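Peer 1: The structure is given below, and queries will be raised subsequently.
Numbering (the working numbering), first residue to last: 378 to 532.
Written as structure tokens, this is what we have:
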């Protein structure tokens with residue numbers, strides 16, 4: 378595991394943004410820009426990827442201790458700091474805008490994807506019976522139209 382991987386995992390686990398990491402590094406008088414920091418988080422095959430050195434990781438870890446615990450003169454509670462980071466992350470309110478649609482299966486047997494429904498079960502289809510009663514006359518709503526699909530052929 379490289380220093381870049383360790384830095385990425387700490388960033389995700391502690392929910393830190395780039396500007397927060399820059400502030401943490403400034404606690405130990407280590408100056409770094411956001412673009413330099415972004416180069417550490419890139420993929421290894423990217424042209425702007427930069428290897429995170431031992432000095433950067435060491436200063437980040439020392440700054441993280443001061444950030445979470447505080448100093449001897451001004452101690453902090455790490456749980457409060459982490460809760461503050463969590464509160465700063467905006468919550469996704471996508472459930473209000475778009476309610477989630479869940480289709481209910483007609484029967485349990487057809488909902489299973491691992492097996493085909495059996496014919497003897499409750500989900501068996503009944504044959505369609507055509508109603509040939511002459512009591513109601515058939516009303517033709519649309520005229521019979523023959524489509525030639527753009528061809529001028531006479532049939």
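A virtual CB, placed ideally from N, CA and C, is assigned to each residue, including glycine. The model shown is predicted, which means the values in this text are computed figures rather than measured ones.
(1) Anyone know if the C-beta pair for residue 381 and residue 407 falls short of 8 Å?
(2) With 16 as the cutoff for other CB atoms within 10 Å, does residue 444 come out buried or exposed?
(3) Taking the Cβ atom as the reference point for each residue, do residue 385 and residue 418 lie within a distance shorter than 8 Å?
(4) I believe residue 402 touches residue 440 by the beta-carbon criterion, under 8 Å. Please report the beta-carbon distance rounded to the nearest angstrom.
(5) For a quick check, are the C-beta atoms of residue 462 and residue 404 less than 8 Å apart?
(6) From which residue to which residue does the alpha helix (DSSP H) around residue 430 run?
(7) Please classify residue 398: is it buried, with 16 or more other beta-carbons within 10 angstroms of its beta-carbon, or exposed?
(8) Which whole-angstrom value describes the C-beta separation of residue 422 and residue 411, a residue pair presumed to lie in contact below a C-beta threshold of 8 Å?
(9) Whole angstroms is fine: what's the gap from residue 529's alpha carbon to residue 519's?
(10) Which residue comes first and which comes last in the alpha helix (DSSP H) that contains residue 465?
(11) To the nearest angstrom, report how far apart residue 427 and residue 378 are at their CA atoms.
(12) Could you please give the first and the last residue of the uninterrupted alpha helix (DSSP H) stretch that includes residue 380?
Peer 2: In terms of the structure at hand:
(1) The residue given as residue 381 occupies position 4 in the chain shown. The residue given as residue 407 occupies position 30 in the chain shown. Taking 8 Å as the Cβ cut-off, residue 381 and residue 407 do not qualify as a contacting pair.
(2) As a position in the chain shown, residue 444 is number 67, starting the count at 1. Its Cβ being crowded by 16 or more others within 10 Å, residue 444 is buried.
(3) Here the question's residue 385 lines up with position 8 in the chain shown. Here the question's residue 418 lines up with position 41 in the chain shown. The answer is yes: Cβ separation under 8 Å.
(4) Stepping through the chain shown from its first residue, residue 402 is reached at position 25. Stepping through the chain shown from its first residue, residue 440 is reached at position 63. 5 Å between Cβ atoms; contact.
(5) The count along the chain shown starts at 1 and reaches residue 462 at position 85. The count along the chain shown starts at 1 and reaches residue 404 at position 27. Contact: no.
(6) Locating residue 430 in the chain shown gives position 53, where the first residue counts as 1. Where residue 430 is concerned, there is no enclosing alpha helix (DSSP H), given that its DSSP letter is neither H nor E.
(7) By one-based count along the chain shown, residue 398 stands at place 21. Residue 398 should be labelled buried.
(8) As a working mapping, residue 422 is identified with position 45 in the chain shown. As a working mapping, residue 411 is identified with position 34 in the chain shown. Wrong, their Cβ atoms sit about 22 Å apart, outside the cutoff.
(9) Reading the chain shown from its first residue, position 152 is the one you call residue 529. Reading the chain shown from its first residue, position 142 is the one you call residue 519. In a straight line, the C-alpha of residue 529 is about 23 Å away from that of residue 519.
(10) As a position in the chain shown, residue 465 is number 88, starting the count at 1. Taken as a continuous stretch (DSSP letters only), the alpha helix (DSSP H) holding residue 465 covers 455-465.
(11) As a first step, residue 427 must be located in the chain shown, where it is residue number 50. As a first step, residue 378 must be located in the chain shown, where it is residue number 1. The straight-line gap separating the alpha-carbon atoms of residue 427 and residue 378 is approximately 15 Å.
(12) If you number the chain shown from 1, residue 380 lands on position 3. 380-390 is the span of the alpha helix (DSSP H), which, as asked, contains residue 380.
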